[in-house]
């Protein structure tokens with residue numbers, strides 16, 4: 318009974334905060350804001366919005382969206398705060414944008430507060446869930462990312478590869494050992510029947526700061542099994558994370574001296590793969606290549 322009542326309440330809340338019809342003037346302003354946003358013209362957005370005296374949450378939401386696209390996160394937060402102060406209705410898209418803005422602004426407290434407020438009156442949808450996982454990725458909050466993924470599955474909201482990739486990014490940002498959690502997410506991706514992409518494996522390798530060689534070679538082999546070709550970013554990520562050379566004040570050759578020979582051999586094998594795939598090697602990769610040539614061929 319309580320569950321039905323809760324569902325009814327959330328439905329009523331959604332109906333209550335449905336966007337009100339726009340006036341003709343607001344429609345014209347909304348169109349202008351969308352055009353400026355698509356072009357990344359924040360000055361245009363500010364100019365168009367500066368004289369607005371109305372109270373349409375759609376207008377405020379569009380300015381928040383533009384702020385996010387243009388990287389003006391603090392300004393977007395200020396617009397959201399104005400929307401709240403005016404008592405304007407907040408629907409799921411507004412909560413989603415606010416979550417994204419607070420995450421980029423680094424305000425983890427307000428990320429959690431906004432998330433809780435959204436779920437008080439709304440059933441979670443895919444965009445809101447994605448925004449919360451992205452926020453967890455910014456913070457390195459593996460638990461929150463995993464919890465949202467789990468709740469999505471329970472609520473029949475099928476997580477997609479982008480959601481899992483963001484969750485792996487939470488492992489990258491987390492302090493301490495996190496590669497086991499990232500490997501778990503890889504297994505979940507496979508269980509869901511999703512095909513990982515290069516960006517997923519790049520994030521996965523980044524999470525291997527404290528992982529042993531077996532994790533690197535297994536992940537790289539799985540990537541090859543999926544038929545995924547490496548690129549410049551992956552190559553640098555793989556070698557940089559595998560070797561973790563400290564070149565401050567020393568050459569790459571000196572930095573790699575004393576590294577486990579099996580790790581060096583794996584790095585050279587990967588470099589051979591990268592060259593075979595015609596990857597344009599970065600400066601770091603070429604420096605590693607030269608150093609390995611001298612160390613392993615001695």
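In our numbering, the protein residues as written are 318 to 615.
Just so you know, even glycine gets a beta-carbon here, dropped at the ideal spot from N, CA and C.
Residue 442 versus residue 480 - alpha carbon distance:
13 Å
Reducing DSSP to helix, strand and coil, say where residue 622 ends up.
There is simply no residue 622 to check, as the chain begins at 318 and stops at 615 in what is shown.
Helix, strand or coil at residue 502 [DSSP, three-state]:
In the structure shown, residue 502 sits in a helix (DSSP, three-state: H, G or I).
By Cβ distance below 7 Å, which residues in the same chain neighbour residue 546 in space, the five residues on each side in sequence not counted?
The residues are 594.
With H, G and I counted as helix, E and B as strand and the rest as coil, what does DSSP make of residue 403?
Residue 403: coil per DSSP, three-state reduction.
Residue 531 (DSSP reduced to helix, strand or coil)
helix
Can you round the beta-carbon distance between residue 485 and residue 524 to whole angstroms, since I take them to be within the 8 Å contact cut?
Confirmed, about 6 Å.
Considering only the beta carbon of each residue, do residue 598 and residue 549 sit closer than 9 Å?
When the beta-carbon positions are compared, residue 598 and residue 549 come within less than 9 Å of each other.
I'd like to check one pair, residue 431 with residue 415: are the Cβ atoms closer than 9 Å?
yes
Indicate the three-state DSSP secondary structure (helix, strand or coil) for residue 383 in the structure shown.
helix
How is residue 538 classed by DSSP in three states: helix, strand or coil?
Here residue 538 carries a helix assignment [DSSP, helix/strand/coil].
In angstroms, rounded to a whole number, what distance separates the CA positions of residue 477 and residue 503?
12 Å
Could you give the residue range of the alpha helix (DSSP H) that holds residue 610?
Start and end: 600-613.
Would a C-beta distance cut-off of 9 Å place residue 419 and residue 411 closer than the cut-off?
no
Candidates 367, 400, 385, 567, of which the one nearest residue 354 by Cα
385
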